[in-house]
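Worksheet: the structure to be examined is printed underneath.
In UniProt numbering, the protein residues as written are 1 to 229.
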């Protein structure tokens with residue numbers, strides 16, 4: 001099994017030590033950073049497979065670190081923070097985070113979310129998947145990429161791709177909110193509908209000619225979402 005590299009960013013030495021010990025014991029190669037600046041340098045130098053990030057850092061706000069990473073990387077980011085308010089969650093997700101775990105947290109839950117994040121980011125090697133042409137863009141399920149009609153490739157984060165892929169594979173059919181959350185974020189999810197609102201808004205901004213009047217990513221109020229080619 002491939003050893004995945006995890007970058008843990010937190011200004012609490014005890015949390016850094018605890019996560020280093022636990023994650024190493026579960027087969028991860030662990031990189032540590034005590035602040036935002038060190039995190040950005042470690043991400044550039046160490047090429048982690050996933051980042052676990054505290055928002056309350058001494059030098060740079062965690063959301064700024066997310067934005068900095070998203071400027072050049074699609075690495076999955078799991079926010080780990082004592083900030084529990086919904087606005088904080090949405091702000092971190094809107095900046096490009098893939099998941100959000102509040103302190104205090106259980107190690108089993110964090111490990112499950114790490115596994116889910118790595119799975120979502122994994123590149124499929126299976127050939128023969130269809131290319132779905134939506135007119136304004138094409139979705140290549142085998143290559144895991146989206147290309148505009150003019151040939152320009154669109155940049156999607158792993159979670160954005162996970163949401164789009166599930167909807168495209170069920171094109172024309174309603175995908176329920178709970179089903180979408182559990183398939184993309186993991187089996188412990190089901191009620192975090194704010195995640196879906198954030199990610200569908202991001203996908204519409206990237207894919208729809210008129211994001212406010214979507215033709216491809218359709219909301220069925222109170223039920224779920226549907227992809228129309």
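Ideal Cβ positions, reconstructed from N, Cα and C, are used throughout, including at glycine.
Residue i, enclosing alpha helix (DSSP H) - first and last residue
{"i": "residue 206", "result": "193–207"}
{"i": "residue 164", "result": "158–169"}
{"i": "residue 179", "result": "177–185"}
Cβ-based burial, residue i [other Cβ within 10 Å; buried from 16]
{"i": "residue 161", "result": "buried"}
{"i": "residue 97", "result": "buried"}
{"i": "residue 10", "result": "buried"}
{"i": "residue 4", "result": "buried"}
{"i": "residue 92", "result": "buried"}
{"i": "residue 231", "result": "Within the shown structure, residues of the chain are numbered from 1 to 229, placing residue 231 beyond reach of any answer."}
Residue i (DSSP reduced to helix, strand or coil)
{"i": "residue 89", "result": "helix"}
{"i": "residue 215", "result": "coil"}
{"i": "residue 94", "result": "helix"}
{"i": "residue 109", "result": "helix"}
{"i": "residue 114", "result": "helix"}
{"i": "residue 226", "result": "strand"}
Bounding residues of the beta strand (DSSP E) (the contiguous stretch that carries residue i)
{"i": "residue 145", "result": "145–148"}
{"i": "residue 100", "result": "99–102"}
{"i": "residue 136", "result": "First-last for residue 136: undefined, no H or E at that position."}
Exercise. Fully enclosed by the segment 9–76, which alpha helix (DSSP H) runs are 4 residues long or longer?
Worked result: 13–25, 36–46, 62–70
Exercise. Are the segment 95–107 and the segment 30–38 in contact at 8 Å, needing three or more beta carbon pairs?
Worked result: no
Exercise. So, do the segment 75–82 and the segment 45–55 have three or more beta carbon pairs nearer to each other than 8 Å?
Worked result: yes
Exercise. Do the segment 214–225 and the segment 166–174 meet, that is, are 3 or more Cβ pairs less than 8 Å apart?
Worked result: yes
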